[in-house]
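Trainee: Would you mind keeping the following structure in view while I ask a few things?
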Amino acid sequence: MTTSVNGTAAGASSTRGRPLPRRLGHLQKPGSTVSLERGDAGLAVRRSVLPSGLRVITERIPGVRSASVGLWVQVGSRDERVEVAGAAHYLEHLLFKGTARRTAAQIAEEIDAVGGELNAFTAKEHTCYYAHVLDEDLPLAMDLVCDVVFDALCEPRDFETERGVVLEEIAMRDDDPEDLLHDAFLDALLGEHALGRPVLGTEQSIGDMDRDALFGFYKKRYTLPRMVLAVAGNIDHAQVMRLVRKQIGDRLDRVGTPVAPRAGRARIPGSRKLVLHSDDTEQAHLMLGVRGLDRHDERRFALNVLNAALGGGMSSRLFQEVRERRGLAYQVYSSVGLYADAGTWSVYAGCQPDRLGDVAGVVRDVLSTVAREGLSDAEVARGKGQLRGGLVLGLEDTSSRMSRIGKGELNYGDYLSVEQTLARIDAVTAADVAALARDLLRRPVAAAVVGPYAHADDLPPQVHEVIS
Numbered sequence: 001m002t003t004s005v006n007g008t009a010a011g012a013s014s015t016r017g018r019p020l021p022r023r024l025g026h027l028q029k030p031g032s033t034v035s036l037e038r039g040d041a042g043l044a045v046r047r048s049v050l051p052s053g054l055r056v057i058t059e060r061i062p063g064v065r066s067a068s069v070g071l072w073v074q075v076g077s078r079d080e081r082v083e084v085a086g087a088a089h090y091l092e093h094l095l096f097k098g099t100a101r102r103t104a105a106q107i108a109e110e111i112d113a114v115g116g117e118l119n120a121f122t123a124k125e126h127t128c129y130y131a132h133v134l135d136e137d138l139p140l141a142m143d144l145v146c147d148v149v150f151d152a153l154c155e156p157r158d159f160e161t162e163r164g165v166v167l168e169e170i171a172m173r174d175d176d177p178e179d180l181l182h183d184a185f186l187d188a189l190l191g192e193h194a195l196g197r198p199v200l201g202t203e204q205s206i207g208d209m210d211r212d213a214l215f216g217f218y219k220k221r222y223t224l225p226r227m228v229l230a231v232a233g234n235i236d237h238a239q240v241m242r243l244v245r246k247q248i249g250d251r252l253d254r255v256g257t258p259v260a261p262r263a264g265r266a267r268i269p270g271s272r273k274l275v276l277h278s279d280d281t282e283q284a285h286l287m288l289g290v291r292g293l294d295r296h297d298e299r300r301f302a303l304n305v306l307n308a309a310l311g312g313g314m315s316s317r318l319f320q321e322v323r324e325r326r327g328l329a330y331q332v333y334s335s336v337g338l339y340a341d342a343g344t345w346s347v348y349a350g351c352q353p354d355r356l357g358d359v360a361g362v363v364r365d366v367l368s369t370v371a372r373e374g375l376s377d378a379e380v381a382r383g384k385g386q387l388r389g390g391l392v393l394g395l396e397d398t399s400s401r402m403s404r405i406g407k408g409e410l411n412y413g414d415y416l417s418v419e420q421t422l423a424r425i426d427a428v429t430a431a432d433v434a435a436l437a438r439d440l441l442r443r444p445v446a447a448a449v450v451g452p453y454a455h456a457d458d459l460p461p462q463v464h465e466v467i468s
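The numbering of the sequence shown is this note's numbering, which starts it at 1 and goes up by one.
Below is the structure:
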C-alpha cells in the first residue's frame, strides 16, 4: 500500500549560481574536427561535428587492449507523456530483439563470441547503447551498436514478449525495498513533474502501451542531431570516422543541427509530502532530502564536496553519527542527483523498524548542525580527497572514459579534462561549502519510507518532524 501525505509549499527549484563558461560542441562548424586535449604518450581527445548533426568524440588511450563504444541519445523518461510513462525504457529493451540483418540470438552470439559486452540503460534524460570489446573488435562493436539503434524492426510479436519482461522488471523493483524507495522519494520530492516519475513506468502504463505509438516515439526521437557517439580506448579518431560512415551510411547525408544541451529551470509543483510504501520488510528504509542544484550550477563542485563529507564514506559525518557512534543502522549514505534544470540531494538509511525514529532524529540533528556551522577544514579536505581519488581511480577502464566524454558532450556540449575537473575540486573552500550548506540544508524536506507500517500515522514522530 502506498500513502502520500501532502504538506506546505516546497518553494521553487534550485537557485542557480553563475553558469560555468562552456565551449558548446553544437556551435562547432559542421563537417569539422577539433582536438580537445593532447596528453602524454599519445593520449588525445578529438571531436567531429558532422553535417547530419551527429557528434563523434573519441579518447585515444595507447597501451590499453580494449575499446568502448557508446551511442548516447538525448531521450529519457522525462520526455514521455504520462500516459506512455516507461516508453523510453521499453524501447531500449525492444531494440535488442532483432534487426534487418540479425535476430536477437545472433546479436547475443556475436558479442559473446569475442568475450565482449553489449548493453544499454535508460535514465531520466538520456539513453545509452554501449559495447566493450578488445581493441581489435572495435569494428564489430560499432556494427552491433549502430545496427541495434538504427535498424531495429520492433516486430509486434517481440513488442508483446518484451511487455512481459518489462513488467517482470517492475515487479523485481517492487521486491527491492531500496530501489522502490528511490522512486518513492522522487515522487515525494518532485511530485507530478516528469522527473518524479519512475524510469520503468507503471504496470498500467506498460500494460496499456501501444506498439505503433512506441515505434512512432522511436522514429521521432532517435535522430542524429540528438545523438553523441563516444569511443575510448586503443583507437584512432580517423578509424572511428571511417566506421561511422560505413555503419550509419546514407543517414549521414541528411543535414541537421545538433540539439543543444538541455537547460533552463524546471517548473515543479510546490508541494511537500511524505510517501509511504507499506511492506512487511525486516528493515525500515528511509530516504529524505531536498531539491538541489541543476548540473549547470557552478556550485556543483562544492555540493559534491559537501555530499562526500556528509555521507560519502566511512569517515563521513552521517556514517559516524548514525552507525559508528550509535549503532542504529548498517547502511547510511547521501547522494546527489543533477539534472539539466533541477537537482536532488538525499540521505538513505536502513534500520530496524523500532529504530526509525532515532535514525530520523539523528539525521535531522546532523543536517541542522551542518547548516548552522558548516564543516570543519579537515572534513572538507577529506571530502575533496575522496572526490579526487574516486575520479582518477574510476577512469582506469575504457568504459568509464567513454562514459565521461559521452555524457560531457551530451549534457554540456563541452569537454572538461580530468586536470580541469581536479582543479575545480581543489578550488572549493570551506566557506563555499558552508554557504551552500546554509542554503541547501534549510530547504523544505521530503521523505519516503518503505517498511512495516500500515499508515503514515504509524511512523515515529521524528519522521514527521523532519518534513515539518
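For each residue, glycine too, the CB sits at the ideal point set by N, CA and C.
Just tell me which of GLY357, GLU155, SER417 and ASN411 has its CA closest to the CA of VAL466.
Mentor: GLY357
Trainee: In angstroms with no decimal places, state the Cα-to-Cα distance between GLN462 and TYR330.
Mentor: GLN462 and TYR330 have their C-alpha atoms roughly 20 angstroms apart.
Trainee: Looking at the structure shown, is GLN386 part of a helix, part of a strand, or coil, going by DSSP?
Mentor: Look at GLN386 here: in three-state DSSP terms it is helix.
Trainee: Report the CB separation of SER52 from ARG251 in whole angstroms; it is logged as a contact under 8 angstroms.
Mentor: Confirmed, Cβ separation roughly 7 angstroms.
Trainee: For MET402, which residues of its own chain have a beta-carbon under 6 angstroms away from its beta-carbon, when the five flanking residues on both sides are left out?
Mentor: SER68, GLY70, ALA230 and ALA232
Trainee: For LEU144, list the residues DSSP reports as bridge partners.
Mentor: Paired residue(s): none; LEU144 is not in a bridge.
Trainee: Over what stretch of residues does the beta strand (DSSP E) that includes VAL450 continue unbroken?
Mentor: According to the DSSP assignment, VAL450 belongs to the beta strand (DSSP E) that extends over 446-451.
Trainee: So the beta strand (DSSP E) THR556 belongs to, where does it begin and stop?
Mentor: What the structure shows of the chain is the stretch from 1 to 468, and residue 556 is not part of that stretch, so it cannot be assessed.
Trainee: With 16 as the cutoff for other CB atoms within 10 Å, does PRO21 come out buried or exposed?
Mentor: Legend: pLDDT at PRO21 = 38, less than 50; position of this residue unreliable, value from coordinates given subsequently. Exposed.
Trainee: Relative to the C-alpha of TYR339, which candidate in ASP354, ALA431, LEU195 and LYS246 has its C-alpha closest?
Mentor: LEU195
Trainee: Would DSSP call GLU37 helix, strand or coil?
Mentor: strand
Trainee: If you reduce the DSSP assignment to three classes, tell me which class ARG401 lands in.
Mentor: Three-state DSSP puts ARG401 in a helix.
Trainee: For HIS237 and THR58, what's the separation of their Cα atoms in angstroms?
Mentor: Whole-angstrom Cα-Cα distance: 6 angstroms.
Trainee: What did DSSP end up calling MET227 once you bin it into helix, strand or coil?
Mentor: In the three-state scheme derived from DSSP, where H, G and I count as helix and E and B as strand, MET227 is classed as strand.
Trainee: Go ahead and pull the three-state DSSP assignment for ILE107.
Mentor: Correct three-state label for ILE107: helix.
Trainee: Using alpha carbons as the reference points, say which of LEU138, ASP137, GLU136 and MET142 lies closest to TYR129.
Mentor: MET142
Trainee: Could you give the uninterrupted runs of the beta strand (DSSP E) lying entirely in the region 269-329, keeping only those of 3 residues or more?
Mentor: For the region 269-329, the full-length beta strand (DSSP E) segments reaching 3 residues or more read 273-278 and 284-291 along the chain.
Trainee: So for ILE467, helix, strand or coil by DSSP?
Mentor: coil
Trainee: Counting C-beta neighbours from all protein chains within 10 Å, is the total for ALA188 16 or more, i.e. buried, or is it exposed?
Mentor: buried
Trainee: Run the CB neighbour count on PHE159, radius 10 Å, all protein chains shown included, and call it buried at 16 or more, exposed below.
Mentor: When all chains shown are included, PHE159 counts as buried.
Trainee: Spatial neighbours of LEU186 within its chain, please: C-beta separation below 6 angstroms, excluding the five flanking residues on both sides.
Mentor: GLY196
Trainee: Any contact between the region 275-293 and the region 441-451? By contact I mean 3 or more CB pairs, one from each, below 8 angstroms.
Mentor: Yes: the two stretches touch, three or more of their Cβ pairs being nearer than 8 angstroms.
Trainee: Tell me, please, whether the CB atom of GLY201 is closer than 8 angstroms to any CB atom in chain D?
Mentor: In the displayed structure, chain D is absent; only one protein chain is listed.
Trainee: Whole alpha helix (DSSP H) runs in the region 327-381 with 4 or more residues, listed along the chain?
Mentor: 356-373
Trainee: Return the residue from the list HIS193, MET227, GLY164 and VAL228 that minimises the CA-CA distance to GLN204.
Mentor: It is GLY164.
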